[in-house]
Each structure stands twice: as C-alpha cells, then as structure tokens.
Amino acid sequence: MPERFYTSNSQLRTLHSELSLKIMSIPFSYSFRNLWTRRLTTVLTASGMALVVFVFADTLMLAEGLRKTLVETGSSDNVIVIRKASESEVQSGIDRQQAAIVGTQPEIAVGRNGNQLLAREIVVLISLTKRGTDKPANVVIRGIGDASLALRPQVGLVAGRMPRPGSSEVIAGDSVARRFRGGGIGETLRFGMRDWMVVGVFEAGTTGYSSEIWGDVDQLMQAFRRPVYSSVLFKLRDSSEFDALKVRIESDPRLTLEAKRETRYYSDQSEMMATFLRILGITLTIIFSLGAMIGAMITMYAAVANRTAEIGTLRAMGFRRRSILISFLMESILLGLTGGCVGLFFASFMQLITISTMNWQTFSELAFSFTLTGTIAFQSLLFSMIMGLIGGVLPAIRASRMNITEALRAS
Amino acid sequence: MFILKLIIRNAFRHKLRTILTIVGVAIAVMAFGLLRTLVGAWYAGVESSSASRLVTRNAISLVFTLPISYQEKIRSVPGVKGVSHANWFGGVYITEKNFFPNFAVDARTYLDLYPEFILSPQEKKSFIVDRKGCVVGRSLAQRFGWNIGDVVTLKGTIFPGQWEFVVRGIYRGAEKSTDETQLFFHWDYLNETMKKMSPRRADAVGIYVIGLKDPYLAAEVSLAIDGMFKNSLAETLTETERSFQMSFVAMTDAIVIAIQIVSYVVIVIIMVVAANTMAMTARERIPEYATMKTLGFGPWHIAGAVFGESIAIAMIGGTVGVALSFPAGGWIGRELKQFFPVFSISTMTIALDLLAAFVVGTVAALFPTWRGATINIADGLRRIG
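Here the protein sequences come in this chain order: A and B. Quick note on numbering: the numbering used here labels position 355 of the first sequence as 355, and the sequence is numbered without any gaps. Quick note on numbering: the numbering used here labels position 55 of the second sequence as 55, and the sequence is numbered without any gaps.
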C-alpha cells in the first residue's frame, strides 16, 4: 500500500522530531490526520453515528419537553382537590356542599382584594375539529372562577378581553385558537345547545393550559347540565402546611376528596406518557447504537489492517503497546465525537417542532416541544464518544498486540 | 456457477468484517420489523372492528352520556338489527399499573352483537343470570391467574367505590386480532348502584352499539339516528365502529408518525454501515479487478461479483433479522400486553423486512460496483506497486 506510506512518511517525520523531546506518546494529530486521510470511510461511519446521536438526543429532548410542560403547568404552592380515586379532573366530581367545606380551611391564602385565592372549577372535554382537516381532537374546556387567573401566574391574556361572568363568552388558549376551527377571536364554538363567542386569546407558555378553553364556571355547569364542580384549586398561605391540610381533608367524614400539590397532580397525569416515551427512547437508542458501534468497529478494524506495516514501524521506533492502543482509541473516540457533533447540530433544529398528541390518562390533548438543555447536549456527546470507544476497543487491542517483525513484514 | 462461487468466497474473505456487517443488518432489519409491528399494533383496534356495527355517542364528547331511553328509539330505525349499550367503567385492579379496558355492558344484546367473543353456552348462561358476574378475556385471565368463580375487585375512578365481580366466563377471540384483554360486567349492576349512590348519574349510557342488517346501510342509519336527536339535550354522533376506533388512533398519530420515521432511520443507518463495508472491500480489491480484466473478464462480470457480494451479505443479514424478530416480538408482546393486546408479526412485515435488506444491499453496492466496472486496467495494476 504505497499510498499509505506517502502520508505516513510525512507523519513519521513529525513523529521523529517530537520523539526526541516527548518520549512514548503518539501525538493526537496522528489520530486526527488518519481520519482525514480516509475521508469517505470517516464520513460514512460518522454519519451513521450522527443519526444515532440524533435519535438519542431527540428522545431526551422530548422527555425534557414533556417534563418542562408539566413542571410549568403546576405550582407547588397550589393545592388541587379532586374526588378520591378519580385520578384526573375530568373524572372527578365535587358537589357544592363539599366544595364549600373545602373553602373553609384556614390554610388558604388571601389575595390583595381580601378574597380567598380559591377557584371552584369544572373541567370537561369537548371534541373539536382541527383547522384544515376533519380530524377531531379532544380539547379541555374549563369553567373558571374569579381567582382562576390569579392562581396561575403563567397564564396571561394576549388579545381581546376576559369573558363577562354570566355570559356565553369564552377565551381560548393560543394553541387552540391557532389549530382548531372556531377557536380564533371573534369566532364562535357550538356546544351544549349554545353558541359561545371567543372574546379573548390567552398565552400560557409551554404549559398544558395553552390547549384549553376557559369560560364562566356557572354558565358551563348550566350548559352541560352538570351540577357538580370537577376540582377546587387554591393557594396555600404557607407551603409547609400542606401535609396537615391533606390529612384533615382526607380524614373529614363529610368529604370524599383527596388533595394533591398541583405539581404532583400534573406529573401523575402524564406518568404513562412519560414512561412510554422513556421505554421507547431507551429501546431505540440501544438497538440503533448497536448498529453504529458495529459500523465503527468495521472501520477501525480496517484501519488497523491497512496500517499493519505502519504499526510495526511505530513499534520498532520504540513506541509502547500502550501508546498504540491509546492512539487507536483516540482515533475511534474522535470518530464518534465527530458524529456526535453533527447529530446534535441537526437535533437542535428539532426544537422548532411541537408534538401534540392525546394523553391516554386524561383523553385530552397534550402539546409539548423538543427542548434542548446543556445536560442533554453533554449526554449526547458523551454517548457518541462512548459508542466510538466501545467500537474501537477490540481493533485497538489487536493493533497493540501486533508482533513487530510480522507487522513490518506485512508491507 | 463460477460467479456464485466467487461471490461466496469473496464475501467470507474478511470473516470478521462480514460477520459484523451481517449482525448489523440483522439488528436493523429486526428493529425495522418490530417498529412496523408496533405501528400495526396501534391500529389493531381499527383492524378488528366490524363494518356492520355503528357506535353512537354524545356529540359533545365521550365524557358525556346519553339517556337510556334512546335505546328503543334507535331500535325503531329501519335497517337496525340490534342495539346494545356500554359504559367505559375505567376501574383499576389493585394499582394503576394493571391497566386493562373494562366496560359495563347490556349483557345479552352485547354478546349477540360481538360474535367474535367466544363463550361456551353454559358460561354465557351463568354470566347472564348472575347480576354481579363478569366475563374476562383469555389473556387477561392468564395475566392475573383468574379462574371461573374467582372474585375480582375493581376500584372505580369514574364511578366511586369498590366494585366486586365474580368471573363467570373466560372468552377467547374468534380472530387473531380480537382483543382478549377486556372485562365486561352487567350495566344493570352499575346502574342500580348509581341509583342508590347518586341518582343524577343513573340511567346514563356511554355509547350505543348498533348492529346493522346490511353494512351498506351505515351512512343512512347514522344520519337517521343523529337526525332523530338533533336539538335535544343530548345530541348524538353516530359513526361506524371503525371510524370510532380510528378517532382514538388519530389523536395519537404524532407518535405513530414518529415511530414510522424512526423505522426508516434505522434502515438508513445500516445502509451507511453496509456502504462503508463495501466501499472498503472494493478499495482493497482494485488491483484484483484490474487483474481479472486483464484475464478477459468484462466489466459486467466484475460488477456482478461486487453487486452479488453486497446483496448476499445483506440478504443473509435480513434473513437472520427476520428469524430473530419472532422471539424478540414474542417477548415485547408479553411485556407490553397491557398497551397492545395484539402484537403479531404479519407476512407483509416479513416481506418488507426482506425488501429493506435488499435495498440496503443494492445501495451499498452502487458506488463499489461502478468503481469496479469502470476501473482502468493500467491504473488498477499500478496500485500493486
């Protein structure tokens, strides 16, 4: 293989000059230039790795996006009360008497206007059609009280006004306004034998509220002929009083309710989805990375085989087995890292995409987006380097074990 | 014959490299097949639904109920053979992790409408006469070790309380795609309990299931039913069972699409790996190709040898992958029984698996084949040095 010799001769010259100063370690540039020399193979192997890292990063980003949506939807100072064992607001039902008893608890915070920061709400699902298609999706419609908005600082009106109490007016989350027919400002939605005018659009960041429609609780209860609340939400005057309050509510013989911190409530709600995403992500990553590691292994074995004479020369010059081993491992890790960087680069564009799907536990629409964090970037790069390392270990050991005389003869 | 021998010999010249590539292709083909099966499992409910059944639900959404009085009105619509009703009960067995679908149904009419749930005559009879009885699917009974006569307690999420049922029958599915993980009990038991506990919620039905005399009447009957209840307190939406099931799948289609994309990504990954192997192999053998040409072999011979080698490696990998996907699919099917009642690898999937392997082999061979066929003899020989 004379072609190899031309490139390696110049490299050997550099090596020789360095050898007199630093003894026994092969310079990093040797690994780098070897990859550069065999560009086509390097590009192919690295792109295989890049795809795997792309998928790996995406699954992590998706899980993170879901987590972020949930964390921001709930506040740990807020307590949500629902009927025992009902799991979600949609399944829950609290009659007026029980809701009134909850309202007498002393731990409830008081707002600026002197009223309690407490909202009795009704939550039901309605089926709406997406714009431009005939596909229906379930949307949460929430009947709100005076304090509902104050209890959720992450929600803010961006257009129009709040619905007047006692009227058939609603406001829609920006995600609903954008994606569902009849959800935009000035449009009307028909349900419960009435036409409901959308008078405002609210924004709620990445929280679940952006896929909801809000209206006056008493009007909605009438329209749906459902004389019970779904949940009672309130803010604690002191977050540490939660445990005592929970015990009191759950042991009160007049109540058949349970109290949860809002953050806990929302993470319970999408536990199934989070588990599903996690299992799917782990399985895919393992299978895919096996493929990519095999690719790296093939490449590195070929690299070792092509350079037998070169390795013999290096050994003859006095480099230790360990230096050869490290040098080949370096090359392989570098290969993995190249793939990792490319994969991560493309994965970062996935942040522009929002996934909307049905949450099996609540049957309602859940929207979340890919979210890239520093930790995920670090994990992805580390993962790519580990893939390179594992793929390179066996070939590197083979290279380091070569017999000097036989290796030199290979040319 | 000669070229076949050459292909096989060549393929196993670098044993380690070839084996690694075969393993890679096998893993990728297996993953591709399993992901496709997963997508298929998603649509299992749609596949197993009948075209001669309609489902009527509240037009607002599934959480709203319909009055029981609609049953007789619906029965009077021309073209309707039978009507039954069911409520999604949403009960939890011990913990939420043990999820399985459970419904309160009108026993006699429901079993008539669903002939695919096969019960022996005495099981059917003892279920119908026992108001606290229930029937469970075969695989559900296996999962929790239930036998006929056992008492099963569910914790109600929508209907509060602890609900006790006696297993009176274990049904098996008539088709491979029939869901054998469900539990059915008497709607009357639910209704009578609700009458005592919260009368406001009694006499309410989640969905009506309608059997048609003729599947072609579906559109007509749906319009007639929905027209009958227009502008009432509970307007209805009637659709075929298939589109009813489809609406659930459609709500999660973002995930299905993601899985589909990913199943192609895995093929692309392995294509890259296989292309790399073939490119390396061809590069090493350039002098050989030149020698063969000198001996008088035409470019087509060389192209055939390279191409054949690539296809051989890919197809061996593909076959191994298909073989592996059966035990792997069986394992996943058992682990995910609660999410996907039906998880079986179809003939179509196997065909696609092999097609994918063939495509991988073809794409991987393109560049090396061209290179080998067009090599200039003098250039090729010079590389021997």
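The beta carbon of each residue, even a glycine, is placed where N, CA and C say it ideally should be.
Just to confirm before moving on: does the CB-CB distance between residue 54 of chain A and residue 343 of chain A stay below 8 Å?
yes
Is the Cβ of residue 358 of chain A closer than 8 Å to any Cβ of chain B?
yes
Using a Cβ-Cβ cut-off of 8 Å, state whether residue 191 of chain A counts as contacting chain B.
yes
Considering only the beta carbon of each residue, do residue 74 of chain B and residue 225 of chain B sit closer than 8 Å?
yes
If you count every other CB in all the chains shown that lies within 10 Å of the CB of residue 21 of chain A, and 16 or more means buried, which is it?
Model confidence at residue 21 of chain A stands at a pLDDT of 44, short of 50, so the residue's coordinates are unreliable; what they give is reported in the following sentence. The residue is exposed, with fewer than 16 neighbouring Cβ atoms inside 10 Å.
Measure from the alpha carbon of residue 154 of chain B to the alpha carbon of each residue in B/305, B/131, B/301, B/103, then state which is nearest.
B/103
Mind checking the segment 280-308 of chain A against chain B and listing, in chain order, the residues whose C-beta falls within less than 7 Å of any C-beta there?
284, 287, 288, 290, 291, 292, 294, 295, 297, 298, 299, 301, 302
What is the DSSP secondary structure of residue 276 of chain B, reduced to helix, strand or coil?
helix
Can you look up residue 166 of chain B in the DSSP assignment and give me helix, strand or coil?
strand
Using the beta-carbon count (16 or more within 10 Å), is residue 105 of chain A buried or exposed?
buried
Interface positions of the segment 1-24 of chain B facing chain A (Cβ-Cβ less than 9 Å), listed along the chain
14, 16, 17, 20, 21, 23, 24
I want to know whether the segment 174-190 of chain A touches the segment 215-234 of chain A - three or more CB-CB distances under 8 Å.
no
Look up residue 120 of chain A in the DSSP assignment and say whether it is helix, strand or coil.
strand
For residue 216 of chain B, does the count of other Cβ atoms within 10 angstroms reach 16, so buried, or fall short, so exposed?
exposed
When you compare only the Cα positions, how much space is there between residue 399 of chain A and residue 36 of chain A?
19 Å
How long is the line joining the alpha carbons of residue 63 of chain B and residue 92 of chain B, rounded to whole angstroms?
18 Å
Determine, for residue 378 of chain B, whether the minimum Cβ-Cβ distance to residues of chain A falls below 8 Å.
no
Those runs of the beta strand (DSSP E) which lie wholly inside the segment 204-256 of chain B and span at least 3 residues
207-212, 236-240
Take residue 343 of chain B as the anchor and find which of B/80, B/148, B/105, B/181 has the nearest alpha-carbon.
B/181
When the distance is taken between beta carbons, is residue 45 of chain B closer than 8 Å to residue 245 of chain B?
yes
Buried or exposed: residue 30 of chain B, going by 16 or more other Cβ atoms within 10 Å of its Cβ?
buried
Does residue 34 of chain A come within less than 8 Å of chain B when only Cβ atoms are used?
no
Is residue 252 of chain B close to chain A, meaning its C-beta is less than 8 Å from at least one C-beta of that chain?
yes
Measuring only the C-alpha atoms, how far is residue 47 of chain A from residue 338 of chain A?
9 Å
Residue from A/79, A/203, A/116 with nearest C-alpha to residue 156 of chain A
A/203
Just to confirm the assignment: which complete alpha helix (DSSP H) runs, minimum length 4, are found wholly within the segment 145-179 of chain A?
148-151, 174-179
Quick check: what's the CA-CA separation for residue 385 of chain B versus residue 280 of chain A?
Because residue 385 of chain B carries a pLDDT of 41, less than 50, the predicted location of this residue cannot be relied on, and the following value inherits that uncertainty. If you take the alpha carbons of residue 385 of chain B and residue 280 of chain A, they lie about 53 Å apart.
Using 8 Å as the threshold, is the segment 359-378 of chain A in touch with the segment 57-71 of chain A, meaning 3 or more CB pairs across them?
yes
Return the CA-CA distance between residue 364 of chain B and residue 280 of chain B, expressed in angstroms with no decimal places.
11 Å
Determine, using beta carbons only, whether residue 159 of chain A comes closer than 8 Å to chain B.
no
When you compare the CB of residue 102 of chain B with every CB in chain A, is at least one pair closer than 8 Å?
no
Could you check the C-alpha separation between residue 282 of chain A and residue 264 of chain B for me, to the nearest Å?
18 Å
Exposed or buried, residue 226 of chain A, counting other C-beta atoms within 10 Å across all chains shown (16 or more means buried)?
buried
With DSSP collapsed to three states, give me the class of residue 214 of chain A.
strand
Would you kindly work out how many angstroms separate the C-alpha atoms of residue 230 of chain B and residue 236 of chain B, rounded to a whole number?
7 Å
What residues in its chain sit with their C-beta under 6 Å from that of residue 177 of chain A, if we drop five residues either side in the sequence?
183, 184, 201
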